[in-house]
Amino acid sequence: MIMDNKYLDKTRSLIFLTTIALLITAGCSSDFLDKKPLGQLTSDNFFETEDHAVWATNAVYQQLRDWDVHVFSFVGLTDIISDDADKGSTPSDANFLLEVDNFTFDAGNISVGAVWTGYYRGVYRANIALENIPGIEMDEDLKERLLGECKFLRAHYYFNLVRWYGDIPLIIRTLEPEE
């Protein structure tokens, strides 16, 4: 009887240790920690369908409505600076536009940086679409139309950038963060 208890204890210990070892090795997989987003589009699962191509092109258009593209900063650098409009209001309300209205702004003015950022964001979106839409299996006529629209919009963004800033970097591909 004493032998049976020792044998039973050894068996239990062996089963327990085997179970712990299996749990440890199964839990060490890198997939265990890398959770994929469910029900969300990511850069890994986008640009697979015709709809994705249309959405990407729409995102290039959407940048035209961005705050940094056609709102205060744009109005400041186009209408206010040309006296088609006046800054108006109080001096503390959007005082960066007062600098534009009085021709006392420099490269550190919010309007200058905002327009630069907003328009280059449009270029970036166009470049992403232009690089990825060709790889999607879809109606060729629609694909060519979307690519043409993205090229036109990228040219539009560059047209205004060159008018305001002169000789600027021409970026026709998606840059890596270190670039």
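Note that our numbering has the sequence shown beginning at 965, numbered continuously upward. We put the CB at the ideal spot given by N, CA and C, even for glycine.
- The beta carbons of Cys1114 and Leu1094 sit closer together than 7 Å.
- Shown here for Pro1055: same chain residues with a beta carbon closer than 8 Å to its own, the five before and five after excluded, namely Leu1062 in chain order.
- The beta carbons of Trp1080 and Tyr1122 sit about 12 Å from each other, so the pair does not count as a contact at 8 Å.
- Setting aside the 5 residues that flank it on each side, Ile1097 is surrounded in the same chain by Phe1011, Ala1017, Ala1020, Thr1021, Lys1107, Leu1110, Leu1111 and Cys1114, each with a C-beta closer than 8 Å to its C-beta; the list follows chain order.
- With a threshold of 16 other beta carbon atoms within 10 Å, Ser1037 meets it and is buried.
- Here the segment 1031 to 1048 makes contact with the segment 1078 to 1092; the two share three or more CB pairs at distances below 8 Å.
- The residue from Asp1103, Asp1131 and Ile1136 with its alpha-carbon nearest to that of Ala1119 is Ile1136.
- Secondary structure remark: continuous beta strand (DSSP E) runs of at least 3 residues inside the segment 1010 to 1086: none found.
- By the 16-neighbour rule on beta-carbons within 10 angstroms, Ser977 is exposed.
- With fewer than 16 other Cβ atoms from the protein chains shown falling within 10 Å of its own Cβ, Gly1099 counts as exposed.
- For Pro1141, the three-state secondary structure derived from DSSP is coil.
- Annotation: Glu1101 is outside any alpha helix (DSSP H) and is labelled neither H nor E by DSSP.
- In the structure shown, Leu1125 adopts helical secondary structure according to DSSP, grouped into three states.
- In this structure, Ile1044 keeps its C-beta atom at 7 Å or more from the C-beta atom of Phe1060.
- Under the three-state reduction of DSSP, Asp973 is assigned to helix.
- Note that the C-beta distance between Arg1089 and Ala985 is not below 7 Å.
- Contact between Phe1067 and Val1076 does not hold, since the beta-carbon distance rounds to 13 Å and is not under 8 Å.
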